[in-house]
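Notes follow the structure.
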Amino acid sequence: MRILYGAFSQGNGHLSKASVLVPLLEARGHEVRVITSGPPPTSCYQFNWHRHFPGISYVAKNGRTDYLASFQQWSRRLPTLFQGIWAIRGIAREFQPELVISDFEPMTASPLVEPGCEVVSISRQVSLLDPDVPMPPVGGFDRKMTRSVIRVFTCGADRKYGYHYEPASFRCVPPLIRAAAKQRRPEMGEHVLLYSGLPSFQPQPADVVAWARKNRQRVIAYGFAPECAIERERFVSFRRPNPGQFLEDMATSRGVITTAGLSTPIEAFLLRKPLVVVPIPRQWEQTVNAFQLHEAKIACSAPDWDFDKLLETPAPAADHPLLSWMHTGSDYVLNRILDEPTTITLPPQETVRPAA
8 MRILYGAFSQ GNGHLSKASV LVPLLEARGH EVRVITSGPP PTSCYQFNWH
58 RHFPGISYVA KNGRTDYLAS FQQWSRRLPT LFQGIWAIRG IAREFQPELV
108 ISDFEPMTAS PLVEPGCEVV SISRQVSLLD PDVPMPPVGG FDRKMTRSVI
158 RVFTCGADRK YGYHYEPASF RCVPPLIRAA AKQRRPEMGE HVLLYSGLPS
208 FQPQPADVVA WARKNRQRVI AYGFAPECAI ERERFVSFRR PNPGQFLEDM
258 ATSRGVITTA GLSTPIEAFL LRKPLVVVPI PRQWEQTVNA FQLHEAKIAC
308 SAPDWDFDKL LETPAPAADH PLLSWMHTGS DYVLNRILDE PTTITLPPQE
358 TVRPAA
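The numbering used here puts the first residue of the sequence shown at 8, with every later residue one more than the last.
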């Protein structure tokens, strides 16, 4: 089957999932072409066929999503956006895909592309529209804006699936996690792992160093400016992006503190690491993630970079009821996308939520 795969490149979550799904699709004999849009993707992710378009992305100020600035930027970029859609339309006509998969990539999911085949939208964001998925009793303006953007980014999809922490509805699929993260045996190390991929929402490097010195606690940090990686500090190592090294540092850590994304918290959970998530302010998706991770007893939620709280946080239980859902596997997700039969029997929803 010829498959056009779209991935949004703001942050690493969508590309991380593409790095899992695309090789599996190719291993099944499918021909896959990857389209990304948003900020330029890092060189960590390589695909056999890949085209990137500027597209649109969120504007963040002081660690918060600025919706007005985002929409103003999007309006200025409309000509570039339509050029990208037109180019993808040409790729689709030449490639003649039999299926389009879009991971929150707005152009491949646009009805203007007219690929002549079914379009499947699969992303964490889709679960935020699912009426059967529990949501925090907050949100207001940010909730409405986020849900509106999700509808725009998925408006041309024929089927929609949302990555979620538990099988709350038939639209939910388990988060896609690298096989290496599932296979790696965790070790109890001495360092703390810190990750924030958003430069405007990070602890100051000097504050990280000061806390580490005060507590004589080693910290390995990812997501900071490249110049930080050059600095040498006894207790703190600022490292450049490297998926393999990142996983190794997580597996050998004593705990993980990160923003409330999807992949990193779940990998930390599967490695049974104490976990603190810090939701990015005014990003309703992160607010939802933090709420649901806390409710599921996967992580503790904190309003800021509370390293002391991480040292007090226990590891998840070895018999946590959601572990089986997280280990369901990529084949199940692929079968849902490809609309193929699956032999996996999932537990009823009421049996997977941890006891209070």
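No residue lacks a Cβ here, since even glycine has one placed at the ideal position from N, Cα and C.
When you compare only the Cα positions, how much space is there between Ala-99 and Thr-72? 33 Å
Own chain partners of Pro-233 with C-beta closer than 8 Å, once the 5 adjacent residues on each side are dropped: Arg-247
Decide if the region 115-130 is in contact with the region 147-156; the criterion is three or more beta carbon pairs, one per stretch, under 8 Å apart. no
Count the other C-beta atoms from every protein chain shown that fall within 10 angstroms of the C-beta of Trp-332, then say buried if there are 16 or more, exposed otherwise. buried
If you compare alpha carbons, which of Thr-265, Leu-345, Tyr-339 is closest to Ala-306? Thr-265
Please state whether the Cβ-Cβ distance between Gly-268 and Asn-296 is less than 9 Å. yes
Quick check on the DSSP output: what are the complete alpha helix (DSSP H) runs of length 4 or more inside the region 178-203, in order along the chain? 186-190
Extent of the continuous beta strand (DSSP E) run through Ile-10: 9-15
Evaluate Gly-91 with the Cβ neighbour count: other Cβ atoms within 10 Å of its Cβ, from every protein chain shown; 16 or more gives buried, anything less gives exposed. buried
7 Å Cβ shell around Glu-197 - same chain, five flanking residues per side excluded: Arg-225, Arg-261
So is Val-133 buried or exposed if we call it buried at 16+ other beta carbons inside 10 Å? buried
Limits of the alpha helix (DSSP H) - the one that Phe-276 falls within: 270-277
Asp-110 - DSSP class collapsed to helix/strand/coil: strand
Inter-residue Cα distance where the pair is Arg-258 and Leu-85: Looking at the sequence provided, one finds Ala at residue 258 rather than Arg. Rounded to the nearest angstrom, the two C-alpha atoms are 43 Å apart.
Provide the residue span of the alpha helix (DSSP H) that contains Gly-97, from first to last. 85-102
Alpha carbon to alpha carbon, what distance is there between Asp-137 and Phe-242? 44 Å
Suppose you measure from the CA of Glu-302 to the CA of Tyr-172; what does that come to, to the nearest Å? 11 Å
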